[in-house]
Structure formats: structure tokens, C-alpha cells
Amino acid sequence: MEAIEELAVQPCTSSLYLRPFRLSYRQNGTKKFWDFMRTHDSVSILIFNTSRQCFVVVKQFRPAVYMCEVERHHPKVFQNQDKESLPSLENPLPAVVGVTYELCAGIVDKPGLSLEEIACEEVLEECGYRVSIADLRRITSYR
Numbered sequence: 001m002e003a004i005e006e007l008a009v010q011p012c013t014s015s016l017y018l019r020p021f022r023l024s025y026r027q028n029g030t031k032k033f034w035d036f037m038r039t040h041d042s043v044s045i046l047i048f049n050t051s052r053q054c055f056v057v058v059k060q061f062r063p064a065v066y067m068c069e070v071e072r073h074h075p076k077v078f079q080n081q082d083k084e085s086l087p088s089l090e091n092p093l094p095a096v097v098g099v100t101y102e103l104c105a106g107i108v109d110k111p112g113l114s115l116e117e118i119a120c121e122e123v124l125e126e127c128g129y130r131v132s133i134a135d136l137r138r139i140t141s142y143r
């Protein structure tokens, strides 16, 4: 796994992938607020390798997981949230603390392609398997 270097945390004022919102509402006479993120739709693919009779997962470095571990080891890293830039860490943790094992997945960001076509592209890109749409079975969808 590649080393993590020159680690610096800054406030995120704009992102192509996340948009923060605050919902305000009244429930049973009580005013409430809920913060949430609007994200892209995504596809996830549960892959079963029939030759090897096993599920296939993707091993990936996830910066958000990594930063949870950084904060656990360096609790003050997010202390001054109002500043333009938060402190840099001179001795970053090893990258392995941010590694996850997860389903093959990708965001739905290709206009004109069906969810199935995007799923096939993700399986090829992340796992190296060429699958056809006919090989896919929809397990669930929330939209």
C-alpha cells in the first residue's frame, strides 16, 4: 500500500460529490433540524465467482475511514473548524488504517447509460471481470 504523505485538512466549501443541506421541520409541535448530504446515485454489485465458488470484494483506500482513525489518534485535528486550513500532521498513520473491503460500486454519472451498463463497467474497472447485462440479477433498488 502506498504511503500517505503531506496530509493536510481543509474545510470543503464545494464538492462535485457531496452537497450539505439542513432540513428544518415541525414534528408533533416541536421544531427540529436535520443535517444531511445530497450525493450521487450509485450502483453496487455483489459478485459471485462461479469458478472459485466465492464472493468477490474490492479492497480500497477510503479517505473518510482513514480520517476517522487519524482523529482517534489525534483528537485535535478538527478542533479549529473555523480556520481556512486545519493543522498538518507531521507523522501520518499508515494507509492501511483506511482500507476497506466492500462491494464493487460506482456512482451513476454517465448520462445515456442504464444502471446495468454502468454496473458492467464498474465490474470491469474495479475487478477485471467482463460481464454482460444478461449475467446481472437485480437484488434490490430503492428508486
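Taking full-length UniProt numbering, the leading residue of the sequence shown gets 1, the next gets one more, and so forth. Virtual Cβ for every residue (Gly too), placed ideally from N, Cα, C.
* What separation, rounded to the nearest whole angstrom, lies between the Cα atoms of residue 79 and residue 39? -> 26 Å
* To do: Following the continuous alpha helix (DSSP H) through residue 20, name the residue where it begins and the one where it ends.
  => No alpha helix (DSSP H) contains residue 20, which is instead part of the beta strand (DSSP E) from 18-27.
* **Test item: CB-CB of residue 129 and residue 98 under 9 Å** => no
* Asked: What is the DSSP secondary structure of residue 98, reduced to helix, strand or coil?
  -> helix
* How close, in whole Å, do the beta carbons of residue 134 and residue 45 come, if the pair is a contact with beta carbons under 8 Å? -> With a Cβ gap of about 14 Å, residue 134 and residue 45 do not count as contacting.
* Taking the continuous beta strand (DSSP E) assigned at residue 58, which residues delimit it? -> 58-61
* Quick one: what's residue 14 bridged to in DSSP? -> For residue 14, which the question treats as bridged, DSSP gives no partner whatsoever.
* To do: Return the CA-CA distance between residue 144 and residue 107, expressed in angstroms with no decimal places.
  => Residue 144 lies beyond the residue range present for the chain, which begins at 1 and ends at 143; the question has no answer from this structure.
* Backbone secondary structure at residue 123 - three-state DSSP -> helix
* Element boundaries [beta strand (DSSP E), containing residue 43] -> 42-45
* Are residue 101 and residue 43 touching if we call contact CB-CB under 9 Å? -> no
* Asked: Thinking just about the alpha-carbon of each residue, which of 26, 36, 8 and 29 is nearest to the one in residue 19?
  -> 36
* Asked: Based on Cα-Cα distance, which residue from 68, 116 and 127 lies nearest to residue 140?
  -> 116
* Thinking just about the alpha-carbon of each residue, which of 127, 21, 64 and 60 is nearest to the one in residue 2? -> 60
* To do: Could you tell me the distance, in whole angstroms, from the CA atom of residue 142 to the CA atom of residue 89?
  => 40 Å
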